[in-house]
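Residue numbers (the UniProt record's numbering), protein chains in the order written: chain A, 1 to 253; chain B, 1 to 253. Comments concern the structure below.
2 protein chains.
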Amino acid sequence: MPVIARVARPSQLSETVSKTIEKWILDGVMAPGVKLPTEKTLSAEFGVSRAVVREAISRLKAEGYVASRQGAGAFVEARPGQTSFRLADAVDPAGPVATAHIFELRYIVETAAAALAASRRSDQDLVQMREALLRMRHAVSERTDGTQADDDFHVAIAAATGNPALLRFIRFVGHQFFASRVPTWNAEGHAAGRAEAAQAEHERMFEAIAAGDGVAAREAARIHMVEAARRIGIDTDHWEPAPRAPWEEEALS
Amino acid sequence: MPVIARVARPSQLSETVSKTIEKWILDGVMAPGVKLPTEKTLSAEFGVSRAVVREAISRLKAEGYVASRQGAGAFVEARPGQTSFRLADAVDPAGPVATAHIFELRYIVETAAAALAASRRSDQDLVQMREALLRMRHAVSERTDGTQADDDFHVAIAAATGNPALLRFIRFVGHQFFASRVPTWNAEGHAAGRAEAAQAEHERMFEAIAAGDGVAAREAARIHMVEAARRIGIDTDHWEPAPRAPWEEEALS
DNA sequence: ATTAATCTGCTTGTCTGACAACTTTCGCTA
DNA sequence: TAGCGAAAGTTGTCAGACAAGCAGATTAAT
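Here's what the structure looks like:
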């Protein structure tokens, strides 16, 4: 019986197995392209049934660590970081600046997406944006929740770039701040005029994109991002080693 | 260009099932916290064995979409997945435009990073860049391989932004094109003057960043990215001419 | 009557054995 | 030697069974 890293956490056998194999790959014990032991061998060495091993490999396949070919075997696909980008690896979740750093990343891609959308959007893209915009308008007047429409609007812009990779990434980064939109759209946000303010910013973005004005679209998106950051209380004063965000320098002048 | 929903791949039953359930969750058919059907029910409805359903759920657990408790059931997680970004999900690997889409994403973040680096770089950051630059110079004159130094140079710029999330993402995206640098730095590339050309572009980027000129840094990076795309045969005609943030335009005046 | 303990059915976790689909290897034949 | 086909090995799927744990209903105790 080989060494089995006894992880205290997983009460699930399949998780124990998958974590162990994942560690093998991470530590370079199994290089990319290498065929990993057969399911029968693994089940024997781990002392579990083949079903458990299969579930473990299923996890690893989902995470992109391995790929298997029927009749041939399972092979190490690649090292982590080559196929997937994890925010948990990118920033220290406990760090106070993590949110600001991720938001800056979002700021970069969303402003670029707005500019691209202005020059590439189809009529159908505009329909999607307008539809989300109308739902937000309705949410403002009725003082109801507009977080979903808000999210849909941003996704529609990303989709209008015609770049699926960019679309997916914006959805991914934007999702990290889904909960952050609540203080804008709840009763308090309506009362304080935050929902109305956000809506006005959205309207300007839409107009610029509809007009095909990339520069104006980027500027409108920039303003929206800056205001959104302010609304969720991102403290740019504490930004790491770098002095400050670009929009702050502008505010200074 | 419409959405590419080409997912005909899954010949694996478990993948078909997991993708279907994933779609349910993403489309909001199953809200967070909701208990999904029992394994027996799912196996009956999909017409597959329980083992297949379990492997599918195993995938979903690995991706963070669901969590299951023995005896109780499997429940949709509050934060549906979205803990990692996988390019394999973002683009159709078989599509001819996949590389161009990913490169555009890289173009967006690298040009922004260059602009940020110009305003935030420390003296130590400059040392890192200069070191990589010297190694590339040496590679050009000696006609040796400079891919690693090339990569290090771009990473040094990303690091100078002081944003670890941005750094990590640039490393991730840049790695997708690591192999693409070979035709620039191999014997053929040296002979055709591609290595020398790339080096000149790098020098301009460094000078602008060292001078603290964000606008020039972005423009130099833009040129380098466009040329790099051209060297690996990516069409950049439809790209935005010179995406530039408003604060930089202000800096011009 | 209220509360606590127990029971019972249901669900997930694991095991075993079997067969189908496919790949690789190797020995045989021309 | 080259090509072919059988055989062994491996993953994919299925079926049934039992253990472990949970939730609601039933029963017992105060």
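All residues carry an ideal CB built from backbone N, CA and C; glycine is no exception. This one's a predicted model, so the numbers in the text were calculated from it and none came from an experiment.
query = Which class does B/F75 belong to by DSSP, given the choice of helix, strand or coil?
reply = strand
* Asked: Of all Cβ atoms in chain A, is any one closer than 8 Å to the Cβ of B/E201?
  -> no
Using alpha carbons as the reference points, say which of B/A118, B/F172, B/E188 and B/A149 lies closest to B/E131.
B/A149
- Task: Identify each residue in the segment 33–66 of chain A for which the Cβ-Cβ distance to at least one residue of chain B is less than 9 Å, and report them in chain order.
- Result: A51, R54, E55, A56, I57, S58, R59, L60, K61, A62, E63 and G64
Chain-ordered neighbours of A/S84 on chain B, where CB pairs are closer than 7 Å: S84, F85 and R86
Can you give the Cα-Cα distance for A/A67 and A/G73, rounded to whole angstroms?
9 Å
Check: B/V109 versus chain A: which residues are under 9 Å apart at the beta carbon?
Finding: L105, I108, V109 and A112
Go to B/A67, then tell me how far its alpha helix (DSSP H) extends in each direction, as first and last residue. Not the alpha helix (DSSP H): B/A67 falls in the beta strand (DSSP E), residues V66 to R69.
When the cut-off is 8 Å and only beta carbons count, does B/K23 lie next to chain A? no
(message) Tell me the residue span of the alpha helix (DSSP H) that contains A/S43.
(response) E39 to F46
*asked:* Here's the rule I'm using: 16 or more other beta-carbon atoms within 10 Å means buried, otherwise exposed. How should A/V53 be labelled?
replied: buried
- Query: If you draw a straight line from the alpha carbon of A/I57 to that of A/A229, how long is it in whole angstroms?
  - Reply: 41 Å
Check: For A/A165, which residues in chain B fall below 8 Å Cβ to Cβ?
Finding: L87, A90, V91, A98, H101, I102, E104 and L105
message = Quick check: is the beta carbon of B/F153 nearer than 8 Å to any beta carbon in chain A?
response = no
DSSP three-state label for B/F177, please. coil
Short Cβ contact (8 Å threshold) for A/G174 with A/P183 = no
**Prompt:** Taking C-beta to C-beta, are A/T99 and A/I209 nearer than 8 Å?
**Reply:** no
- Message: Determine, for A/V7, whether the minimum Cβ-Cβ distance to residues of chain B falls below 8 Å.
- Response: Interpretation of A/V7 is limited by its pLDDT of 34, a score under 50 that renders its predicted location unreliable; the figure taken from the coordinates is listed afterwards. Judged by the 8 Å Cβ criterion, A/V7 is not in contact with chain B.
Practice item. Name the one or two DSSP bridge partners that A/R84 has. Key: It should be noted that the sequence gives Ser, not Arg, for residue 84 of chain A. Looking at the DSSP assignment, A/S84 forms a beta bridge with B/R86.
Check: Around the Cβ of A/R69, are there at least 16 other Cβ atoms within 10 angstroms (buried) or fewer (exposed)?
Finding: exposed
Per the contact definition of three or more C-beta pairs closer than 8 Å, is the segment 210–227 of chain A in contact with the segment 102–118 of chain A?
yes
Starting from residue 272 of chain B, trace the alpha helix (DSSP H) in both directions and tell me its first and last residue. Outside the displayed span of chain B (1 to 253) sits residue 272 of chain B, for which this structure offers no information.
Would you give the residue range spanned by the alpha helix (DSSP H) that B/V29 belongs to?
That residue, B/V29, is in no alpha helix (DSSP H); it is neither H nor E in DSSP.
Can A/F206 be considered in contact with the ligand ZN, in the sense that its beta carbon sits closer than 7 Å to one or more heavy atoms? Absence of the ligand ZN is noted for the structure shown, with no ligands found whatsoever.
Between the CA atoms of A/S11 and B/D213 - distance to the nearest angstrom: 55 Å
| message | For A/M205 and A/A216, I'd like the C-alpha separation in whole angstroms. | response | 8 Å
Who are the neighbours of residue 308 of chain B on chain A, taking C-beta pairs under 9 Å? With chain B covering only 1 through 253, there is no way to say anything about residue 308 of chain B.
**OP:** Give a yes or no on whether the minimum CB-CB distance between B/F172 and chain A is below 8 Å.
**Re:** yes
Starting from the beta carbon of B/S14, find every residue of chain A whose beta carbon is closer than 8 Å, and list them in chain order.
S58
* How many angstroms separate the CA atom of A/F75 from the CA atom of A/E63? -> 13 Å
List the whole-angstrom C-beta distance separating B/R171 from B/R194, where the pair is believed to meet the contact cut-off of C-beta under 8 Å. With 8 Å as the limit, B/R171 and B/R194 do not qualify as a contact, their Cβ atoms being about 23 Å apart.
**Prompt:** What do you reckon, are the CB atoms on residue 274 of chain B and A/S84 nearer than 8 Å?
**Reply:** Summary: the structure shown does not reach residue 274 of chain B, with chain B confined to residues 1 through 253, and so no result is reported for it.
**Asked** Can you find a C-beta in chain B that's less than 8 Å from the C-beta of A/G233?
**Response** no
Exercise for the section: Starting from A/I234, trace the alpha helix (DSSP H) both ways and give me its first and last residue. Expected result: No alpha helix (DSSP H) contains A/I234, which DSSP labels as neither H nor E.
**Request:** Taking B/V34 as the reference, give the member of B/A159, B/Q128, B/E77 and B/E196 with the closest Cα.
**Result:** B/E77
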